[in-house]
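S.K.: So for the sequence shown, our numbering puts the first residue at 1351; every next one is plus one.
The beta-carbon is built from N, C-alpha and C at its ideal position, and this holds for glycine as well.
I have a structure here, written as structure tokens, and I will follow up with some questions on it.
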Amino acid sequence: MHVVSLDVTDEDSVFQCMAKVKEFCQNKGLWAIINNAGIASFGDIEFTSMEKYRQVLEVNLLGSIQLTKLCLPYVRKAKGRVINMSGASGLLSAPGQSAFCISCFAVEAFSDALRIEMQPFGVKVITIRPGNYLGATGILNKSACGKVKTEFDQLKNSTDQEVLNAYGTKHLDTQLEQLSDLSKSTASSLVNVVTAMENAVTNLSSGSQYLVDGGSQLFDVSNILIKLRPFVPASWHDSLVSKNFRQGTTVQAVQ
């Protein structure tokens, strides 16, 4: 095992990492790359700055694209595979999570295009979509929830007063409570996600898409909503998504 520090948003870090890849893989090639770097930003669209959107896309999407492009010559040589971690958020866009969901949807599009482009080279492109696991990761675990609270406190100071008045004084507090509840409802372990990753790397007959159920309840509600989507009207589906992600949220009426 060779452990290399890597910041996917820093070109110097990326090229230092690729120097190691070249050192170890230039003869036999690279069997697999797993694009797993990811961050999130929470808050409604009117509360989320363009800087936050760019930051999330830089890590979750552009970082994956750059590393993949640099590794593809070695992966093609090995007839290996590219594994992209997307998430249920790449198939279901939740209110208050637009930056994260947009990045995941984009990873899905990247994966779909790359999968077809790599077929002539015998390279597999696999997408793994973990369901309700955010609370088991650094995105929304107990420590991360404290950081989210700090970010929401900053939103109260940085958001235009008209927007704050329109959504109501309790809107951000309610959202923070919902995120705390989401964190508590997620799976306590990532073992099923890691198992899917291992299978994607080692199984020569692996599928191209994995949807991994999570959550602490009997069913992963988000994944059920994904499976329901093709069969119900959009308005019904929107109501189900709103009920799941927006319980207790109200918007102040225009006076």
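1) Answer yes or no: do Ile1466 and Ala1390 have a C-beta to C-beta separation smaller than 8 Å?
2) So who's on the other strand from Ile1383, going by DSSP bridges?
3) Can you give me the C-alpha to C-alpha distance between Asn1549 and Asp1362, rounded to a whole angstrom?
4) Use the C-beta contact count for Thr1600: other C-beta atoms within 10 angstroms, 16 or more gives buried, fewer gives exposed.
5) Since I believe Arg1479 is in contact with Tyr1560 (beta carbons under 8 Å), could you give me their beta-carbon distance rounded to a whole number of angstroms?
6) Measure from the alpha carbon of Met1351 to the alpha carbon of each residue in Ser1399, Phe1374 and Gly1481, then state which is nearest.
7) For Val1353 and Cys1367, which I take to be in contact (beta-carbon distance under 8 Å), what is that distance rounded to the nearest angstrom?
8) Identify whether Val1354 lies in helix, strand or coil by the three-state DSSP scheme.
9) Just list the alpha helix (DSSP H) runs in the stretch 1455-1538, keeping only unbroken ones of 4 residues or longer that don't cross its boundaries, in chain order.
10) Am I right that Gly1379 and Lys1419 are in contact with their C-beta atoms under 8 Å? What's the rounded C-beta distance?
11) Taking the alpha-carbon of Thr1477 as reference, which of Ser1461, Met1468, Phe1471 and Thr1487 has the nearest alpha-carbon?
12) Would you check if the stretch 1444-1463 and the stretch 1490-1499 touch, i.e. whether three or more CB-CB distances between them fall below 8 Å?
13) Quick check on the burial criterion: 16 or more other C-beta atoms within 10 angstroms. Buried or exposed for Gln1602?
14) Mind pulling the beta strand (DSSP E) runs of 3 or more residues that sit fully within the stretch 1540-1605?
15) Helix, strand or coil for Asp1362? Go by DSSP, reduced to three states.
16) Output the distance between the C-alpha atoms of Val1473 and Leu1522, rounded to the nearest integer angstrom.
17) Is it a yes or a no for the stretch 1507-1518 touching the stretch 1566-1578, going by three-plus beta-carbon pairs under 8 Å?
18) Look at the Cβ atom of Cys1451, then the Cβ atom of Ala1444, and state whether they are nearer than 8 Å.
19) Please report the distance separating the alpha-carbon of Lys1593 from that of His1587.
20) With burial defined as no fewer than 16 other Cβ atoms inside 10 Å of the residue's Cβ, what is the status of Ala1449: buried or exposed?
21) Check for me: the alpha helix (DSSP H) holding Gln1376 runs from which residue to which?
22) What did DSSP end up calling Phe1450 once you bin it into helix, strand or coil?
23) How would you call Ile1395, buried or exposed, if buried means at least 16 neighbouring beta carbons within 10 angstroms?
24) Would you tell me roughly how many angstroms separate the C-alpha atoms of Leu1422 and Thr1524, rounded to the nearest one?
25) The alpha helix (DSSP H) spanning Glu1401 covers which residue range?
M.R.: So, to answer that:
1) Against the sequence shown, residue 1466 aligns to sequence position 116. Against the sequence shown, residue 1390 aligns to sequence position 40. No, these two residues do not count as a Cβ contact at 8 Å.
2) As a first step, residue 1383 must be located in the sequence shown, where it is residue number 33. Paired residue(s): Val1432.
3) Position 199 of the sequence shown holds residue 1549. Position 12 of the sequence shown holds residue 1362. Approximately 32 Å, taken between the alpha carbons.
4) Within the sequence shown, the letter at position 250 stands for residue 1600. Here the model assigns Thr1600 a pLDDT of 47, short of 50, so the residue's position is not dependable and the matter cannot be decided.
5) Position 210 of the sequence shown, counted from the start, is the residue given in the question as residue 1560. Position 129 of the sequence shown, counted from the start, is the residue given in the question as residue 1479. With a Cβ gap of about 6 Å, Tyr1560 and Arg1479 count as contacting.
6) Here the question's residue 1351 lines up with position 1 in the sequence shown. Comparing Cα positions, the closest option is Phe1374.
7) The sequence position of residue 1353 within the sequence shown is 3, counting from 1. The sequence position of residue 1367 within the sequence shown is 17, counting from 1. About 11 Å; that fails the 8 Å criterion.
8) As a position in the sequence shown, residue 1354 is number 4, starting the count at 1. Coil.
9) 1492-1508, 1511-1517 and 1521-1535
10) The sequence position of residue 1379 within the sequence shown is 29, counting from 1. The sequence position of residue 1419 within the sequence shown is 69, counting from 1. For Gly1379 against Lys1419, the beta-carbon gap comes to about 16 Å, at or over 8 Å, which does not count as contact.
11) Here residue 1477 refers to the residue found at position 127 when the sequence shown is read from its first residue. The shortest Cα separation from Thr1477 among Ser1461, Met1468, Phe1471 and Thr1487 belongs to Ser1461.
12) Under the Cβ criterion (8 Å, minimum of three pairs), the stretch 1490-1499 does not count as touching the stretch 1444-1463.
13) Locating residue 1602 in the sequence shown gives position 252, where the first residue counts as 1. In this prediction, Gln1602 has a pLDDT of 44, which is less than 50 and means its spatial position is unreliable; nothing more can be read from the coordinates.
14) 1559-1562
15) Here residue 1362 refers to the residue found at position 12 of the sequence shown. Helix.
16) In the sequence shown, the residue the question calls residue 1473 occupies position 123. In the sequence shown, the residue the question calls residue 1522 occupies position 172. For Val1473 and Leu1522, the distance between alpha carbons rounds to 45 Å.
17) no
18) Here residue 1451 corresponds to residue number 101 of the sequence shown, with the count starting at 1. Here residue 1444 corresponds to residue number 94 of the sequence shown, with the count starting at 1. It is a contact, given that the beta carbons lie within the stated cut-off.
19) Here residue 1593 corresponds to residue number 243 of the sequence shown, with the count starting at 1. Here residue 1587 corresponds to residue number 237 of the sequence shown, with the count starting at 1. Taking the straight line from one Cα to the other gives about 10 Å.
20) For the purposes of this step, residue 1449 is taken as the residue at position 99 of the sequence shown. That one is buried.
21) For the purposes of this step, residue 1376 is identified with residue 26 of the sequence shown, where counting begins at 1. Neither: Gln1376 is in no alpha helix (DSSP H) and is coded neither H nor E.
22) Numbered from 1 along the sequence shown, position 100 holds the residue referred to as residue 1450. Note: Phe1450 maps to helix in three-state DSSP.
23) Taking the sequence shown and counting its residues from 1, the one referred to as residue 1395 is at position 45. Classification for Ile1395: exposed.
24) Taking the sequence shown and counting its residues from 1, the one referred to as residue 1422 is at position 72. Taking the sequence shown and counting its residues from 1, the one referred to as residue 1524 is at position 174. Each residue's alpha carbon lies about 45 Å from the other.
25) Against the sequence shown, residue 1401 aligns to sequence position 51. Note, Glu1401: alpha helix (DSSP H), Met1400 to Leu1407.
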